[in-house]
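Structure record follows, encoded as structure tokens.
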Amino acid sequence: NQTRAISRDWTLSPTALLWSADGEQLFAVTNDAGDIPVYTVSVPDGKRERVTGHGSVSGLRRAGDNLLLLRSDQDQCNDIYELALSGGKPRQLTDVNGDKLENIYLGPAEDFWFEGARSDRVQGWLVKPVGFDPAKKYPLAYIVHGGPQQANSHGFGYSQWNPNMYASAGFVTAQINFHGSPGYGQNFTDSIWKQWGGYPFEDLMKGLDHLASLSFVDSSRAVALGASYGGFMMNWFNAQTKRFRALVNHDGLFSTPTFWYSTEELWFPEHDFGGVPYDAASRQTYERFNPERHAANFTTPTLFVHGGNDFRVPIEQSLAPFTLLRRRGVPAKLVYFPNENHWTQHIGNSVKWFTE
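Residues in the sequence shown are numbered from 1109 upward in steps of one, following my numbering.
Pasting the structure below:
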């Protein structure tokens, strides 16, 4: 009848847990420096061991003395693997999409690290374009994840943010796990508190510096893309930098104070900005990183995409910067999906998303 913490010193945050058959272990799935591996956690003493390597595990089940895993990587769709708990590497059991992907380019992720905000080490990775020639220079597609307490991972994405979609179109495609991302310790994740346009922006600019130093990247032809918080960052880019030729803003925040008044989810802004926008003290944080305050700086052409059923970030957050850019004579386009929410889930709309 007592509660005992067995992982208080662990700075990673499990997203899924499964008991072993004998109750002596927990199997924990967690973000860990770009991967989403499985750890075993001993109940008696709290000892932890990572039992899967590179890639992302999105599901696990017991199968006798073994585990069945649903695992993917940047260049491999989800398949089922069997992991013997006695040791060894996971054994692939299925190859569901092998024949369909036989003639489709899927490039692997190439990791890099650099010094970001607060002198912390920050991780990113890139995918090289189809037919890559190191003697040539390629345009850059810079994908910014949402959340913001989410992370890019070495896993196969089934949305508009799969980097291979852009690598297949001839772009070097890069992603950065900036401050606020899980998988690098709780302090790193928590550091985004009251820092929406601070530490992450610094990380993204320093990551862009690193990419620009690569001989095969043409940084004068860089575009950036992001959704939700990533869309906020597209507006913040428009307010703070001229380093991108164009931006793609999906369901992004334009006015941080008015966002609070219209979203259906109040916990995140109240936590991340330190309160409510009608309180004088917390209002300062809302305004400090409010793209709308810098509307006069918006000069980068932008494609806006928004769903009519998005109650997390309602449509006015895209209508406002779209109107701003068009009124200022800056090229801008708004793609509106009346039947989509915060995500684009219908296949036809996803195809339309990419054609735009």
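Quick reminder that beta carbons are idealized off the backbone N, C-alpha and C, glycines included. Since we're looking at a predicted model, the values are computed, not measured.
Query                                                                                                                                                                      : Result
Quick check: what's the CA-CA separation for P1247 versus K1302?                                                                                                           : 33 Å
In the DSSP assignment, the alpha helix (DSSP H) including I1423 goes from what residue to what residue?                                                                   : Where I1423 is concerned, there is no enclosing alpha helix (DSSP H), given that its DSSP letter is neither H nor E.
Measuring CB to CB, does V1252 end up less than 8 Å from D1311?                                                                                                            : no
V1331 and A1354: beta carbons closer than 8 Å?                                                                                                                             : yes
Measure how close the beta-carbons of A1259 and F1362 come, nearest whole angstrom, since I'm counting them as under 8 Å.                                                  : Not quite, the Cβ-Cβ distance comes to about 24 Å (not below 8 Å), so this is no contact.
Between the stretch 1202 to 1222 and the stretch 1171 to 1185, are three or more C-beta pairs nearer than 8 Å?                                                             : yes
Can you give me the C-alpha to C-alpha distance between V1151 and L1234, rounded to a whole angstrom?                                                                      : 38 Å
Within the continuous beta strand (DSSP E) that includes L1167, where are the two ends?                                                                                    : A small fix is needed here, since residue 1167 is Gly in this sequence, not Leu. Per DSSP, G1167 belongs to the beta strand (DSSP E) from S1164 to A1171.
Looking at C-alpha atoms only, which residue of D1173, G1315 and S1390 is the closest neighbour of T1281?                                                                  : G1315
Roughly how many angstroms separate the alpha carbons of W1226 and Y1307, rounded to a whole number?                                                                       : The amino acid at residue 1226 is misidentified as Trp; the sequence shows Arg. About 8 Å.
When the distance is taken between beta carbons, is S1321 closer than 8 Å to G1360?                                                                                        : no
Let's test the definition: count the other Cβ atoms within 10 Å of the Cβ of N1447 and tell me whether it reaches 16, buried, or not, exposed.                             : exposed
Report the residue ranges of all alpha helix (DSSP H) runs contained in full by the stretch 1261 to 1339; include only those spanning at least 4 residues, in chain order. : 1271 to 1275, 1294 to 1298 and 1307 to 1320
Please list the segments of the beta strand (DSSP E) lying wholly inside the stretch 1194 to 1225, counting only runs of 3 or more residues, in order along the chain.     : 1218 to 1223
With distances taken from CA atoms, which of R1391, N1346, V1238 and V1149 is nearest G1131?                                                                               : V1149
When DSSP builds the beta bridges, which residues end up paired with V1058?                                                                                                : Residue 1058 is absent from the model: the chain starts at 1109 and stops at 1464.
Exposed or buried, L1432, counting other C-beta atoms within 10 Å across all chains shown (16 or more means buried)?                                                       : buried
Just tell me which of M1342, N1272 and S1276 has its CA closest to the CA of T1410.                                                                                        : M1342
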